[in-house]
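A.B. asks: What follows is a structure written as structure tokens; I'll ask about it next.
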Amino acid sequence: MARMKFICDAERCIECNGCVTACKNEHEVPWGVNRRRVVTLNDGVPGEKSISVACMHCSDAPCMAVCPTNCFYRTDEGVVLHDKDVCIGCGYCSYACPFGAPQFPGQGTFGVRGKMDKCTFCAGGPEANGSEAEFEKYGRNRLAEGKLPACAEMCSTKALLAGDGDVVADILRARVIQRGKGAEVWGWGTAYGSQQAGQPPKEGKAS
Amino acid sequence: MKHTFHSITHRVVRGAGLCAAVVFLVACGEQPQTPTRLSAAKKDASPVVGTPAEAFKQGSWKSGDANAWNQQLRARANYGMSDYQRVNN
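Line by line, the protein sequences are chains A and B. Quick note: the first sequence, position 155, residue 172 per the working numbering, numbers continuous. Quick note: the second sequence, position 57, residue 79 per the working numbering, numbers continuous.
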């Protein structure tokens, strides 16, 4: 079974925000909520690097660990999803996440924080695949349509890779060999452990 | 060996005390870290099942065929994201 993962190739990212726009458009994400964003390090300094960041669907997800209502679940494909009907909008997941993925719509009365919203790897939610309810709450279920996440498919330089961990790691490896640099993948170790792509972390070893 | 009433009582009290200590100390033990409680989320259908909106479906994989679905995503990733492979094939 595929293990879905994201890789952002910082050597290729040109900070065009195409991934952010693709995500917002595909899922009709409300104003103020950004499931994906582009972060630039050393902005304006020669050699600056940009990476596209969203939920990394961690192997040992901290959001899952801290959720008091246990609204998170992991699919067989390794995608971390949540049930908005169970979420109480407490925000613990937001503090726990190292990537700042959980987002909260703030259009409620008196600025009340709404249900958490985050990247679904374009896999929808627990509602029926392709249903209107699923789209309203979680957005489009592209995986069930045989497609990959819109952000990666829309990326103009193909900096953002999404799909089975083995496949995307192979693609990146081929690039690194060709260009001879840019092997470091920011966030990979934090999200999936320090092991090789697709390999589960060794028992008893902190990742 | 002689067992006086005093020594038997002492042993019984000591045994009972040990049992009580074990029972009470169990509460101080570490809780298992393995998740015992399943997610409270509703059960989600696998993407392999597909979507009723056939018009949006990509590729020729059959709904429910996990292997075909995997192959579809693999081919799509290689074609769409691997420019080296696309150029060379």
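We put the CB at the ideal spot given by N, CA and C, even for glycine. Since the structure is predicted, the reported quantities are computational estimates derived from the model, not experimental observations.
Would you call the segment 113-123 of chain A in contact with the segment 94-101 of chain B, where contact means no fewer than 3 C-beta pairs closer than 8 Å?
C.D. replies: no
A.B. asks: For the segment 144-170 of chain A, which residues have a beta carbon sitting closer than 9 Å to at least one beta carbon of chain B?
C.D. replies: E144, A145, N146, G147, S148, R157, N158, R159, L160, A161, E162, G163, K164, L165, A169 and E170
A.B. asks: Is it true that the segment 32-52 of chain B meets the segment 69-77 of chain A, where meeting means three or more beta-carbon pairs spaced less than 8 Å apart?
C.D. replies: no
A.B. asks: Strictly below 8 Å CB to CB, what residues from chain A border K65/B?
C.D. replies: P143
A.B. asks: Using a Cβ cut-off of 8 Å (strictly closer), state whether T92/A contacts chain B.
C.D. replies: yes
A.B. asks: Sort M21/A, K175/A and R20/A by Cα distance to Y106/B and report the nearest one.
C.D. replies: The shortest C-alpha separation from Y106/B is found at K175/A.
A.B. asks: Taking the straight line between their C-alpha atoms, what separation do you get for G210/A and D77/A?
C.D. replies: 8 Å
A.B. asks: Checking contacts by CB at 8 Å: is D77/A closer than that to chain B?
C.D. replies: no
A.B. asks: Whose CA, out of V103/A, Y109/A, E65/A and M171/A, lies closest to the CA of E43/A?
C.D. replies: M171/A
A.B. asks: Looking at the unbroken alpha helix (DSSP H) that takes in G102/B, where does it start and where does it end?
C.D. replies: A88 to M103 is the span of the alpha helix (DSSP H), which, as asked, contains G102/B.
A.B. asks: At the level of alpha carbons, what is the spacing between V96/A and G108/A?
C.D. replies: 20 Å
A.B. asks: Between the C-alpha atoms of V44/B and C104/A, what's the straight-line distance to the nearest angstrom?
C.D. replies: If I take the Cα positions, the gap works out to 39 Å.
A.B. asks: G180/A versus chain B: which residues are under 8 Å apart at the beta carbon?
C.D. replies: L95, R96, R98, A99 and M103
A.B. asks: Leaving out five residues on either side along the sequence, give the residues of the same chain with a beta carbon under 6 Å from the beta carbon of L60/B.
C.D. replies: none
A.B. asks: Going along the chain, which residues of the segment 100-120 of chain A sit with their C-beta nearer than 8 Å to a C-beta in chain B?
C.D. replies: D100, D102 and V103
A.B. asks: Can you list the residues of chain A that N92/B reaches, using a CB-CB cut of under 9 Å?
C.D. replies: M18, A19 and D181
A.B. asks: Give the single residue among G64/A, E32/A, F89/A and R52/A whose Cα lies nearest to the Cα of A62/B.
C.D. replies: F89/A
A.B. asks: Listing by chain order, which chain A residues have their CB less than 7 Å from the CB of A75/B?
C.D. replies: G147
A.B. asks: So, with DSSP's three-state summary, where would you put T26/B?
C.D. replies: coil
A.B. asks: Along chain B, in chain order, which residues have C-beta atoms closer than 7 Å to that of V83/A?
C.D. replies: Chain B residues near V83/A: none, gap ~13 Å exceeds 7 Å.
A.B. asks: With respect to the beta strand (DSSP E) encompassing D181/A, which residues constitute its N-terminal and C-terminal limits?
C.D. replies: L177 to D181
A.B. asks: Label V184/A either buried or exposed according to how many other C-beta atoms from any shown protein chain fall within 10 Å of its C-beta, with 16 as the threshold for buried.
C.D. replies: buried
A.B. asks: Quick test of your reading: D93/A and G142/A, contact by CB under 8 Å. State the CB separation rounded to the nearest angstrom.
C.D. replies: At roughly 15 Å, the Cβ-Cβ gap does not stay under 8 Å, so D93/A and G142/A are not in contact.
A.B. asks: C110/A and C80/A - do their beta-carbons sit closer together than 8 Å?
C.D. replies: yes
A.B. asks: Give me the Cα-Cα distance between A88/B and A19/A, rounded to the nearest whole angstrom.
C.D. replies: Rounded to the nearest angstrom, the gap between the Cα atoms of A88/B and A19/A is 10 Å.
A.B. asks: Between which two residues does the alpha helix (DSSP H) containing S111/A stretch?
C.D. replies: Y109 to A113
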